[in-house]
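Peer 1: Below is a structure I'd like to ask you about.
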Amino acid sequence: MWEYITGALAAPVQTFRETSQKQWWRQALLLVGGLALLRGLVSAAAAQEAPPLPSSLEMTPGFPGFLATAFDLLQSPLFLLASSLAGRILVWFLGGVIFLAVGKLFKGDGNLGGLLAALGFAEAPRLIEIPLTAVLSLLGLPGSILAGLAGFGFGIWILVLDILAVRESLRLRTGAAAAVVLIPLGLIFFLLFLLGVILAISAIFATAPAL
33 MWEYITGALA APVQTFRETS QKQWWRQALL LVGGLALLRG LVSAAAAQEA
83 PPLPSSLEMT PGFPGFLATA FDLLQSPLFL LASSLAGRIL VWFLGGVIFL
133 AVGKLFKGDG NLGGLLAALG FAEAPRLIEI PLTAVLSLLG LPGSILAGLA
183 GFGFGIWILV LDILAVRESL RLRTGAAAAV VLIPLGLIFF LLFLLGVILA
233 ISAIFATAPA L
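Be aware that the sequence shown starts at 33, since it is given in our numbering, and climbs by one per residue.
Written out as structure tokens, the structure reads:
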């Protein structure tokens, strides 16, 4: 398994082709889950350094007590680990389902197991990104800026690997594989933007003084 992790970094095309043909989705699941737990551990460590909810706010008359409890729960290591693990695996699986459905529209030839295998190993750069950005974030504001830039760079890298994973597992041309990945992502970003606009307009009207 380790050779395929390093292969995804050094020789992604051959690696994705082999993992897809071998239907290594279980091994990919282990990688995705392990990376999610690593991300959760980093988040849990950062949460321990975060300032607690101000006691003055908790004692404010009318402040709901359950909000303080919910805040503590959301910052708990167990919740951060569980949410990171469940969320990342869900995104990986749903991404495979969506890419497969869109890929079929482009005459892709493959199955969900092979696609999930390739997409899982496409996450290999996270093994470098997660500890690197965690260390950089400890260096104050300059480190946080560098961590953000590094995260953006790794995101582009993984996006390219996702396109290669789709291309090799569904036997598509590069342009078609890029469309399979970018069309759903673009649609998701558009819907999120639209939702943000609707919420902003609703907030403006809700706070506007009555005539």
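Where is the CB? At the ideal position from N, CA and C, for every residue including glycine. Given the structure is predicted, the values throughout are model-derived calculations rather than measurements.
1) Of the residues 223, 173, 36 and 212, which one's Cα is nearest the Cα of residue 127?
2) For residue 210, which residues from the same chain have a beta carbon less than 8 Å from its beta carbon, with the 5 sequence-adjacent residues on both sides left out?
3) Measure the alpha-carbon distance for residue 68 versus residue 137 and round it to whole angstroms.
4) My guess is that residue 140 and residue 203 are in contact by the Cβ rule of under 8 Å, so how many angstroms apart are they, rounded?
5) Of all the alpha helix (DSSP H) runs that stay within the bounds of the segment 145 to 218, which reach a length of 4 or more residues?
6) Could you tell me the distance, in whole angstroms, from the CA atom of residue 123 to the CA atom of residue 61?
7) Looking only at C-alpha atoms, which of 119, 59 and 193 sits nearest to residue 42?
8) Which word fits residue 34, buried or exposed, when buried means at least 16 other C-beta atoms lie within 10 angstroms of its C-beta?
9) In whole angstroms, what is the alpha-carbon distance linking residue 36 and residue 149?
10) Among 142, 131 and 72, which has the Cα closest to the Cα of residue 110?
11) With a cut-off of 8 Å on the beta carbons, I'd call residue 168 and residue 178 a contact; round off their distance for me.
12) Helix, strand or coil: which one does DSSP assign to residue 124?
13) With distance defined between alpha-carbon atoms, name the residue in 200, 134 and 143 nearest to residue 46.
14) What are the boundary residues of the alpha helix (DSSP H) that residue 53 is part of?
15) Buried or exposed for residue 219, please, with buried defined as at least 16 other CB atoms from any protein chain shown within 10 angstroms of its CB.
16) Determine the DSSP secondary structure at residue 72, reduced to helix, strand or coil.
17) Expressed to the nearest angstrom, what Euclidean distance is found between the alpha-carbon atoms of residue 171 and residue 133?
18) Where does residue 34 sit, in a helix, a strand or coil, going by DSSP?
19) For residue 186 versus residue 163, is the C-beta distance shorter than 7 Å?
20) Given residue 208, which residues of its chain have a CB within under 7 Å of its CB, disregarding the five upstream and five downstream residues?
Peer 2: Looking at the atomic coordinates:
1) 212
2) 195
3) 31 Å
4) 7 Å
5) 158 to 168 and 172 to 202
6) 12 Å
7) 193
8) With fewer than 16 neighbouring CB atoms inside 10 Å of its own CB, residue 34 falls in the exposed class.
9) The straight-line gap from Cα to Cα measures roughly 11 Å.
10) 72
11) In this structure residue 168 is in contact with residue 178, their Cβ atoms being roughly 5 Å apart against a cut-off of 8 Å.
12) helix
13) 200
14) Per DSSP, residue 53 belongs to the alpha helix (DSSP H) from 44 to 53.
15) exposed
16) helix
17) Straight-line Cα distance between these residues: approximately 43 Å.
18) helix
19) no
20) Within the same chain, residue 208 has close Cβ partners 138.
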